[in-house]
Every structure is written in structure tokens, then in C-alpha cells.
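Numbering (the UniProt record's numbering), first residue to last: 1 to 120. Even for Gly, the Cβ is constructed at its ideal location relative to N, Cα and C. Structure first, then comments.
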Amino acid sequence: MPKEEPGSKLAHLAAHLGHYALYAVIIVMPITGYLGTGSDINYFFMFELPKFESTMLYQPLVENGLGMTFSDFEKPMDFIHKDLLGAWIVWLLILGHVLAALYHHFVKNDRTLKKMTTGK
Numbered sequence: 001m002p003k004e005e006p007g008s009k010l011a012h013l014a015a016h017l018g019h020y021a022l023y024a025v026i027i028v029m030p031i032t033g034y035l036g037t038g039s040d041i042n043y044f045f046m047f048e049l050p051k052f053e054s055t056m057l058y059q060p061l062v063e064n065g066l067g068m069t070f071s072d073f074e075k076p077m078d079f080i081h082k083d084l085l086g087a088w089i090v091w092l093l094i095l096g097h098v099l100a101a102l103y104h105h106f107v108k109n110d111r112t113l114k115k116m117t118t119g120k
């Protein structure tokens, strides 16, 4: 986490929640994308991941554990990945991050935007 700037408890809470939400999306998006795809994944031409349905985790977790077929399992993964995270949450987090940076730079006149862009 970046070093905290002076500010209200509410501002610090909002900043922490925003950062944690960004980290969560960075973790959850690839996982839901992988779990919900019915295809093998070529990882930047370095290696290939087999589709989740072909792994040894699929049957005990999805078929036996949840009692679902892949098409039933794919629907909620697809909804979370595309309709919830990809269509709304990611864009709202990006917008919030940009607006917060501009607020700090133009309204508060502090060094937050410079620290984000140059690290100084």
C-alpha cells in the first residue's frame, strides 16, 4: 500500500477500499475467466492451460461437489466475469481512480498524482 497522505478517516477508508477492490478484481477476473471458458488457454505463447473442464479438479468440485454440468457452472462464472465485473465494476473502479487522482491534483493540490505517475 502507498504511504498515507494527510486526510480524513473517510478519505483513508475510501482509498483503502478502492485499492482492495482493484486488487480483488485483478485476482478474480482471471480466475472467473479461466473457470468459465470451455477452451484451452494459451498464455502469451509460453505455455498452455487446459480448459478447466479437463482438469482433475473439475469433477470433484463441480460435478460431484456442486452437482452441476459444465454448462450450468459456466453461466454464473460468465455472469460474474463479463456482466458484473467486466461491464460494471472494473469501469467504475477505473473511473473512481481517475476522478480521485484528478481531485487530488486539481482540488487538493497535493502530490498524489505525481507520486502515482513518477513515483516521486
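Check, Outcome
"Through-space distance from T112 to D83, alpha-carbon basis", "32 Å"
"Chain-order list of residues whose beta-carbon lies under 8 Å from that of V28 (same chain, five-residue window excluded)", "I80, L85"
"N64 in three-state terms, based on DSSP", "helix"
"Residue interval of the beta strand (DSSP E) (run including L49)", "47 to 49"
"Close Cβ partners of P38 (< 8 Å) along its chain, the five nearest in sequence each way excluded", "It is Gly, not Pro, that sits at residue 38 in the sequence shown. Contacts found: K51, E53, F70, E74."
"Whole-angstrom distance between Q59 and G67, CA atom to CA atom", "9 Å"
"Own chain, CB closer than 6 Å to M77, minus 5 neighbours either side, in chain order", "T32, L35, G36"
"Cβ-based neighbour list, H104, same chain, cut-off 7 Å, excluding 5 preceding and 5 following", "D110, T112, L113"
"Alpha carbon of F44 to alpha carbon of H16, nearest angstrom", "32 Å"
"Whole-angstrom distance between E63 and K9, CA atom to CA atom", "46 Å"
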